[in-house]
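Comments concern the structure below.
2 protein chains.
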Amino acid sequence: LGTFQSSACGSTPNFIIMLMDDMGWGDLGVFGEPSKETPNLDNMAAEGMLLTDFYSANPLCSPSRAALLTGRLPIRNGFYTTNAHARNGYTPQEIVGGIADEEILFPELLQKAGYRNKIIGKWHLGHRPQFHPLKHGFDEWFGAPNCHFGPYDNKQRPNIPVYNGMDMVGRYYEDFQIHRETGESNLTQIFTQQAVDFIERQAQSQKPFFLYWAIDATHGPVYASKPFLGTSRRGLYGDAVKELDSAVGQILDALKTHKVDDNTLVVFSSDNGGAMVSKDKGGSNGPFLCGKQTTFEGGMREPTIAWWPKHIKPRQVSYQLGSLMDMFPTLLSLADITLPRDRAIDGIDLSDTLLNGKNIDRPIFYYRGNEMMAVRLGMYKAHYWTWTNGLQELRQGIDFCRGENVINVTTHDQRNHTSQPLLFHVGRDLGERYPISPDSIEYHSAMKKISKVVRDHKTNLTPGQPQLNWCDTGVMNWKPIGCEKLGRCLPAPSSNPYKCVWMH
Amino acid sequence: LGTFQSSACGSTPNFIIMLMDDMGWGDLGVFGEPSKETPNLDNMAAEGMLLTDFYSANPLCSPSRAALLTGRLPIRNGFYTTNAHARNGYTPQEIVGGIADEEILFPELLQKAGYRNKIIGKWHLGHRPQFHPLKHGFDEWFGAPNCHFGPYDNKQRPNIPVYNGMDMVGRYYEDFQIHRETGESNLTQIFTQQAVDFIERQAQSQKPFFLYWAIDATHGPVYASKPFLGTSRRGLYGDAVKELDSAVGQILDALKTHKVDDNTLVVFSSDNGGAMVSKDKGGSNGPFLCGKQTTFEGGMREPTIAWWPKHIKPRQVSYQLGSLMDMFPTLLSLADITLPRDRAIDGIDLSDTLLNGKNIDRPIFYYRGNEMMAVRLGMYKAHYWTWTNGLQELRQGIDFCRGENVINVTTHDQRNHTSQPLLFHVGRDLGERYPISPDSIEYHSAMKKISKVVRDHKTNLTPGQPQLNWCDTGVMNWKPIGCEKLGRCLPAPSSNPYKCVWMH
Ligand SMILES: [Ca+2]
Ligand SMILES: [Ca+2]
Chain A
1 LGTFQSSACG STPNFIIMLM DDMGWGDLGV FGEPSKETPN LDNMAAEGML
51 LTDFYSANPL CSPSRAALLT GRLPIRNGFY TTNAHARNGY TPQEIVGGIA
101 DEEILFPELL QKAGYRNKII GKWHLGHRPQ FHPLKHGFDE WFGAPNCHFG
151 PYDNKQRPNI PVYNGMDMVG RYYEDFQIHR ETGESNLTQI FTQQAVDFIE
201 RQAQSQKPFF LYWAIDATHG PVYASKPFLG TSRRGLYGDA VKELDSAVGQ
251 ILDALKTHKV DDNTLVVFSS DNGGAMVSKD KGGSNGPFLC GKQTTFEGGM
301 REPTIAWWPK HIKPRQVSYQ LGSLMDMFPT LLSLADITLP RDRAIDGIDL
351 SDTLLNGKNI DRPIFYYRGN EMMAVRLGMY KAHYWTWTNG LQELRQGIDF
401 CRGENVINVT THDQRNHTSQ PLLFHVGRDL GERYPISPDS IEYHSAMKKI
451 SKVVRDHKTN LTPGQPQLNW CDTGVMNWKP IGCEKLGRCL PAPSSNPYKC
501 VWMH
Chain B
1001 LGTFQSSACG STPNFIIMLM DDMGWGDLGV FGEPSKETPN LDNMAAEGML
1051 LTDFYSANPL CSPSRAALLT GRLPIRNGFY TTNAHARNGY TPQEIVGGIA
1101 DEEILFPELL QKAGYRNKII GKWHLGHRPQ FHPLKHGFDE WFGAPNCHFG
1151 PYDNKQRPNI PVYNGMDMVG RYYEDFQIHR ETGESNLTQI FTQQAVDFIE
1201 RQAQSQKPFF LYWAIDATHG PVYASKPFLG TSRRGLYGDA VKELDSAVGQ
1251 ILDALKTHKV DDNTLVVFSS DNGGAMVSKD KGGSNGPFLC GKQTTFEGGM
1301 REPTIAWWPK HIKPRQVSYQ LGSLMDMFPT LLSLADITLP RDRAIDGIDL
1351 SDTLLNGKNI DRPIFYYRGN EMMAVRLGMY KAHYWTWTNG LQELRQGIDF
1401 CRGENVINVT THDQRNHTSQ PLLFHVGRDL GERYPISPDS IEYHSAMKKI
1451 SKVVRDHKTN LTPGQPQLNW CDTGVMNWKP IGCEKLGRCL PAPSSNPYKC
1501 VWMH
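Sequences listed follow chains A and B, in order.
Each step along the first sequence adds one to the number in our numbering, with nothing skipped, and position 393 is 393.
So our numbering is basically just the index in the second sequence, starting at one, shifted up by 1000.
Structure (structure tokens):
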């Protein structure tokens, strides 16, 4: 009765986080994408709250996702590397590390409080058995531990397994097709059906749920299903966005159909900025500088919408400086669950922002690997370090800021500005093009506040054990859990650990 | 009775064109400006049609405005120079030329059909007596012939006169203040009151009207009135935008109050892109490349909204390739006035787009001075010439593409690509960063169509007499009409014509 009543009365809300992959701030109509091909998302914003100043904790998949689920910066939760300075690391197949048992993921706490949790799509917090999402707070999983790179030959590198629950059920390119030439794949349709089915089941069981819908159609190689291929003004990437938009509409409809819409907070966002290395096959970061992999606005400002009928008032725009890490304290607070007190949580409780439009003063830290590159406080952003990618990569055609060149800002060396940080006003200078003169009163006034925030942050920072230092071809997805049942285990090479090479 | 009835029944609609000055595509909330500080304009779009792919005819004030009123490209209507190749010219105080008597401005034709026409704000089609707007189709004028540059000393250069009707009523900085340090000015309030009063008068007289509201608060030096100063997240420029947005709300309210809203088509747009030379004190061109003065998207794609209750259906987005030149045939068509047949009109009748959502296939030509720099057809844009500004200006700190650097595209020389135009897909590549390979089928297919369009265009092009070749300090605003009555005439130097120097 308790569970039934609380669920029905709204005292124990359901949660859905829709996390896009490499989608840029500028990819939604409501955020200014000129082709305006996202009617469902635009409508979701109209029915809820648009968050214009919302950030991921990192410009790359794995650390961003680890930070979302732990509420902690990657430097604390271990999703970083010390192999080299200020390098982005993630969880490729060779990675030895993953999410540590000591880390608390908010689904674990929801689970203890009676929630049923499902992850659909990309996990990316480690693929070895001990890192399996069902061992870290989730009850169900349909998706993959790594990016859908490939196809591999299953000899040098295995194709990425797809799991349903504890067990693998097949592999990308073998059992779950992504056509490399046409980009055709029905994966978004599968992931959407999984979400709709889960919502239906949970509504019937009247148990609260958390759905982490972490789908990856906008991550290269971009894909869309047949009905969407060729329908966008934006090419294949736009087709993928249109399909995701349609899927969002289907999921919100499912909530309405099963009458749990008034009791479900849905947050839509992306794990990092659009990938400029994908050129015209990637996302748009709108007016912002650079993209994925960088700590400029294009790398970490995310298209974010919060939707909760009868709780979040429609047609709101919030300038709240928000972070994906805020999901941890916010969802726990809304579920009336006490936060762990034995560790630093970087996220803040945004329930007052969502429910009452409050604006809470707080900094945003922009990290790249083990280095705090920049800080935002109010409208000011100070860069302590700048870097795009090295010249060697640039010569190979890799450019995280293609077409952009802001002198002393989009640097191709790791430039240390800590003695005199580069300061921008990100309200009047969206593109981080015009550093404020260090001789100005404005500079001194802003930097005084920022310096204190940085000092406090660094004083109280205890870095976690880095998880992204070691690689080993022996740990790749040769023998995923369940491969025996399917007769699909692959011969694994012997273990040969080496320090991962993180280029940027 | 005829006029009354037609006005009341909607067969003779009123027209308002709200033309902003140097406002960028990305400056409105509905077009993706992150601070979302334009609730009235966003609402106007929600009640009407958003035009995402709408262009000015030129990336600079005077030619853009001349093209708007004549429906003809500057190369035809004379608002260009042949002093040097592909140079932007306008009407500074020294300009000898202006709008030729031979040119037909659509207000002239509206006037003959019984309309009363008013221009409020910047004229910019020449300031010598023969170019006065009341001699070119307008019945009323409150505003100035040139930009509000200054203050001048009235010796080397006179301050710009402000006219009310035929006569000057004062000068900027002397009688109409713009505070150079604070940016405070009540000009937008004056221009708005002028509009509201005109609407009230016309509604009472029950005569159809055309209001050309050509205000300039977003042109440097940017200004806002006291109630708006310091209220924006975007600095002074944002304050100006907020005041304009508020003014738009007041004007639409006046239409409603006087019950002429259902009978008034209102079009909001801007004369050219945001000025990147103004750095963080200018507008935002959203995801587009470069800005004012250039033929990249940032220079000529304009934030455009059409609003006409009960005629234009709400919540529409149109991808129609539109041009400010289309106002000429569109407004005349809606007013049931026959187009002149003795000349080429570059604008097309968009009434079917506005009223019925039709999309009409047509090219957009991007000119700089006497050169066709680029063409857009469908989603493809071909650059025949590229140029930003010369290295000499660059060394002086002038940069029309600051922070952007697309190799072979944002060239600092006038680069001739006519033998193999640079081709972009502006749907999937908003920033004109990724030229399509000339070896591809896509390139050949698109260029085949574009080449034909260009050939036809050039074959049928008869350039007009260039109006922007000659300058003379003797023609400046020394003795504006009405100065005698006020005792405010200034001593003029003797005439000394010279070829104007157009740097870019
Ligand atoms: Ca990602
Ligand atoms: Ca202008």
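All C-beta atoms, glycine included, are put in the ideal place defined by N, C-alpha and C.
Pairing B/HIS1504 with B/ASN1389 gives a Cβ-Cβ distance under 8 Å.
Taking every residue with its beta carbon within less than 6 Å of a heavy atom belonging to ligand 2 gives, in chain order, B/ASP1021, B/ASP1022, B/CYS1061, B/HIS1219, B/ASP1271 and B/ASN1272. Contacts with chain A (Cβ-Cβ distance below 9 Å) from the segment 1223–1235 of chain B involve SER1232, ARG1233, ARG1234 and GLY1235, listed in chain order. A/TYR434 is a Cβ neighbour of B/ASP1280, given a cutoff of 8 Å. Spatial neighbours of A/PRO208 in its own chain (CB-CB distance under 6 Å, excluding positions within 5 residues in sequence) are listed in chain order as SER7, THR12, ASN14 and TYR115.
A contact is defined here as three or more CB-CB pairs under 8 Å, and the segment 126–140 of chain A fails this definition with respect to the segment 213–232 of chain A. Buried is the label assigned to B/GLU1103, since at least 16 other Cβ atoms lie within 10 Å of its Cβ. Under the Cβ distance rule, B/ASN1040 does not count among the residues neighbouring chain A, no pair being separated by less than 8 Å. Here B/GLU1302 carries a coil assignment [DSSP, helix/strand/coil]. Considering only beta carbons, the part of the segment 1262–1290 of chain B lying closer than 8 Å to chain A consists of LYS1279, ASP1280, LYS1281, SER1284, ASN1285, GLY1286, PRO1287 and LEU1289, in chain order. Between the segment 1481–1488 of chain B and the segment 1150–1169 of chain B, the count of C-beta pairs closer than 8 Å reaches three or more; the two stretches touch.
Interface flag for B/HIS1425 against chain A is set, since a Cβ pair is found closer than 8 Å. Assignment of A/ALA247 by DSSP, reduced to helix, strand and coil, places it in the helix class.
About 20 Å separates the beta carbons of B/CYS1401 and B/GLY1089, which is beyond the 8 Å limit, so they are not a contact pair. Segment contact: the segment 1347–1365 of chain B against the segment 1311–1320 of chain B, three or more CB-CB distances shorter than 8 Å; contact assigned. Considering only B/VAL1196, B/MET1379 and B/ALA1144, the residue with the shortest C-alpha distance to B/ALA1214 is B/ALA1144. Contact between the segment 178–196 of chain A and the segment 79–89 of chain A is absent: fewer than three C-beta pairs spanning the two stretches fall below 8 Å. By the beta-carbon neighbour count (other beta carbons within 10 angstroms, threshold 16), B/THR1091 is buried. Taken through DSSP and simplified to helix, strand or coil, A/TYR90 comes out as coil. Distance from the Cα of A/VAL375 is smallest, within the candidate group A/GLN206, A/ASN43, A/LEU252 and A/LEU423, for A/LEU423. Along the segment 162–193 of chain A, the alpha helix (DSSP H) does not occur as any fully enclosed run of 4 or more residues. Between A/GLU404 and B/ASN1405 the beta-carbon gap is near 7 Å, inside 8 Å, which marks them as a contact.
With a threshold of 8 Å between beta carbons, B/VAL1406 makes contact with chain A. A direct Cα-to-Cα measurement between A/ALA46 and A/PRO314 gives close to 6 Å.
Burial state of B/THR1038 is buried, judged by a 10 Å Cβ sphere holding 16 or more other Cβ atoms.
For A/ARG402, a Cβ of chain B is located within less than 8 Å of the residue's own Cβ.
The way I'd put it, the segment 1376–1386 of chain B doesn't touch the segment 1330–1348 of chain B; fewer than three beta-carbon pairs between them come closer than 8 Å. Only residues of its own chain outside the window of five on either side were considered, and among them THR1192 and VAL1196 have a CB closer than 7 Å to the CB of B/GLN1250, listed in chain order. With respect to chain A, the C-beta atom of B/TYR1443 has no partner C-beta closer than 8 Å.
Only GLY1026, PHE1031, GLY1032, PRO1034, SER1035 and LYS1036 from the segment 1021–1047 of chain B bring a Cβ to less than 7 Å from some Cβ of chain A.
Against chain B, a Cβ distance below 8 Å from A/THR52 picks out PRO1034, SER1035 and LYS1036.
If you check the CB distance, A/ALA100 and A/GLN465 come in under 8 Å. Ranked by Cα distance from A/GLY48, the options A/GLY283, A/ASP342, A/LEU265 and A/ASP153 are led by A/LEU265.
When C-beta atoms of the segment 357–365 of chain A are compared with those of the segment 1390–1397 of chain B, fewer than three pairs fall below 8 Å, so the two segments do not count as touching.
Under the Cβ criterion of 8 Å, A/LEU430 is counted among the residues facing chain B.
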